[in-house]
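So for the sequence shown, this note's numbering puts the first residue at 65; every next one is plus one.
From the three backbone atoms N, C-alpha and C, an ideal C-beta is built for every residue, glycine too.
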Amino acid sequence: MLNKYKFSLLIVMAGLVFTACKKEETNPATEKQTGYLLYTQLTDGSGTDYVQYFETLPSGTVDNTQGKSFTSFFSGGLAYDNYVVSLEVNGAGSGMSKVMANTGGEVFVKGTLPTVGSTAWGIVRDATTAYADDRNDNNILIFDPSTMQNKGIIDMSNAFRAPQWTSSQFEGFVVRGNDLFVCTRPLDATGSLYASDSCIYNHIDLVTGTFQKSFFFPNADLARRNNQNWVDEQGNVYIYQSGKINVPQTVKPSILKIPAGATEFDPNYNFKFIDATGGAALSLPVQAGGGFNYYKNGKAYAIASTSFPPELLAFLAVKGTNFSTWTPEDYQTAFGILETAANGQYVELDLVAQTAKVLTDIPSTSPFNGNTFIVDDKIYCVVSTPNENALYEYDPATGTSRKAFDVSAGGTIGAFVKLGN
């Protein structure tokens, strides 16, 4: 059954705590160094996920149930080199798993890092260093992804907190050289999923490993994503903030900017790309689990809500937007609308000119299920509707699109990863 956590992918949730557990490192003799992983998730309430390895780029029609089945996987898992670090994949409710493929092409769990929480917000900096939220308001965890071993913490006790918050956690991790930027997601005593009227970011100096400051962009909301491509060639950081529905106000999704060399938001940069596409959606996020990816030469890709599902408008008119009063059945209804409404289009964004071009050759799909992945210098876009479950390929060099492959079984597409990328 769908719960508030799953629906909150629209409006953000997560958390996690690590402890040490040493595992052996990558072994080229027994583990694939290159290839592709496709992750899909059943939407029948069973909670079954599938991850399948491919030696070469998939084509035609894929039955993803031929891959490895898990009871939990994370579409925003930390992809690096020839592995993905996800939340614990066997439904234990805590822990993180390092997932790889062996030389026979079978997906397996290489190692597990015990945790208190059950999600995986973080980022891999290099082969031996990664950072993640540890479900502690005062800490960011440092761990070694090669060994799945705890390396210590960054003290975040001086980060901004409002008195009304009951807890907070860190999401939207970005590494730029020796700077680490993380977004704070607060939760207040009312149970509101939005307890702040600003996008709150924190700067950590990775040379000293110390918290430096919290900084804000007003009338904006959360940023979340793992291993994101959010830093351009000059060192500008582009932050996707998700937007929200009347809690305490309606805010459109937009792209914010931390200029190269700076550790604050540019107060004059707030790229409302949905407006640039002519879209009418005031409050739906760009995407649920990814979507916004920086490519190169000032170009980025995303899925934009270019209309608002009339069924959802009617439902909100009856139920209101005080989500703390919603029943599990209310969330189930809203999720069903969002999952099937083809009200989003993939767009190419010019982050310098602040313009958007709709990729008209790719079918409209749900922004809730949409996602983009950069693989082999091309953009792969999820199309999930009642009539189609496929991955489309867009080639920026030629400006052309094609269907890469269909998925006939195994659920909707959650992630497509190139190993050794």
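Could you work out which residue in the options is closest to residue i when comparing CA atoms only?
i    : options                : result
G400 : T449, Y359, S388, E152 : T449
V471 : F387, G124, S232       : G124
D108 : D394, I187, E403       : E403
Y265 : D285, T272, T274       : D285
S221 : N203, D208, K360       : N203
T370 : A165, V188, G408, S150 : G408
D197 : S210, T120, N214       : N214
H267 : F329, W294, E297       : F329
D441 : G325, L102, Y358       : Y358
T419 : K363, A378, W390       : K363
Q298 : I338, G241, N334       : G241
T192 : E452, P178, F207       : F207
E375 : S388, F356, A406, G355 : A406
N361 : T429, A461, V439, T167 : A461
T274 : G216, F280, S161       : G216
G342 : Q276, K174, V422, Y100 : V422
T129 : P122, T112, Y144, D201 : T112
Q97  : T391, T167, G159       : T167
Y144 : K277, V163, F134       : V163
A223 : P317, F280, V315       : F280
T327 : F337, S318, D296, D269 : D269
Pop quiz: residue i and residue j are said to be a contact at Cβ under 8 Å. What is the actual Cβ separation, rounded to whole angstroms?
i    : j    : result
I477 : Y410 : No, I477 and Y410 are not in contact; Cβ-Cβ is about 14 Å, not under 8 Å.
G169 : E119 : 7 Å
W294 : V238 : 5 Å
F469 : A454 : 7 Å
A473 : D127 : 5 Å
V447 : P427 : 5 Å
V188 : L142 : 5 Å
L251 : S278 : Not really, about 17 Å apart at Cβ, beyond 8 Å.
D29  : S465 : No answer is possible for residue 29: it lies beyond the span of the chain, which begins at 65 and ends at 485.
Taking its Cβ as the centre, do 16 or more other Cβ atoms sit within 10 Å of residue i, making it buried, or is it exposed?
i    : result
E88  : A caution first: E88 carries a pLDDT of 43, below 50, which makes its placement in the model unreliable, though a value can still be read off. When all chains shown are included, E88 counts as exposed.
R504 : This structure gives no information on residue 504, because the portion of the chain shown stretches from 65 to 485.
P373 : buried
E62  : Residue 62 lies beyond the residue range present for the chain, which begins at 65 and ends at 485; the question has no answer from this structure.
I218 : buried
L320 : buried
Q233 : buried
A165 : buried
S306 : buried
D243 : buried
A417 : exposed
G384 : exposed
N435 : buried
Q351 : For Q351, the predicted structure reports a pLDDT of 43, less than 50, and the residue's modelled location is therefore unreliable. The matter cannot be settled from this model.
S136 : buried
N300 : buried
S110 : exposed
S347 : Any reading at S347 must be qualified, since the residue scores a pLDDT of 39, below 50, and its modelled position is unreliable; no value is offered.
R199 : buried
V481 : buried
Q116 : buried
G236 : buried
V149 : buried
N386 : exposed
D190 : exposed
L483 : buried
V246 : buried
Q228 : exposed
S388 : exposed
R249 : buried
V382 : exposed
D459 : exposed
L377 : exposed
N146 : buried
For the ligand NAP, I want to know if residue i counts as a neighbour, meaning its beta carbon is within less than 7 Å of at least one of the ligand's heavy atoms.
i    : result
W294 : With respect to the ligand NAP, the structure offers nothing, as it holds no ligand at all.
DSSP puts residue i in a beta bridge; with which residues?
i    : result
R249 : Q233
F432 : Beta-bridge pairing links F432 to no other residue.
I204 : D197, I218
E95  : N166
D425 : Partner(s): none; D425 has no beta bridge.
F480 : L102
A473 : D127
D459 : T464
N453 : S448
D243 : R240, D269
S437 : For clarity, residue 437 is Phe in the given sequence; the question names Ser instead. Paired residues: Y444.
F118 : Y100
D108 : For D108, which the question treats as bridged, DSSP gives no partner whatsoever.
Q213 : D208
Continuous alpha helix (DSSP H) assignments of at least 4 residues falling wholly in the region 257-340: 337-340
Continuous alpha helix (DSSP H) assignments of at least 4 residues falling wholly in the region 341-420: 374-383, 392-404
Residue ranges of each beta strand (DSSP E) within the region 131-193, 3 or longer: 132-134, 142-144, 147-151, 160-165, 171-177, 186-190
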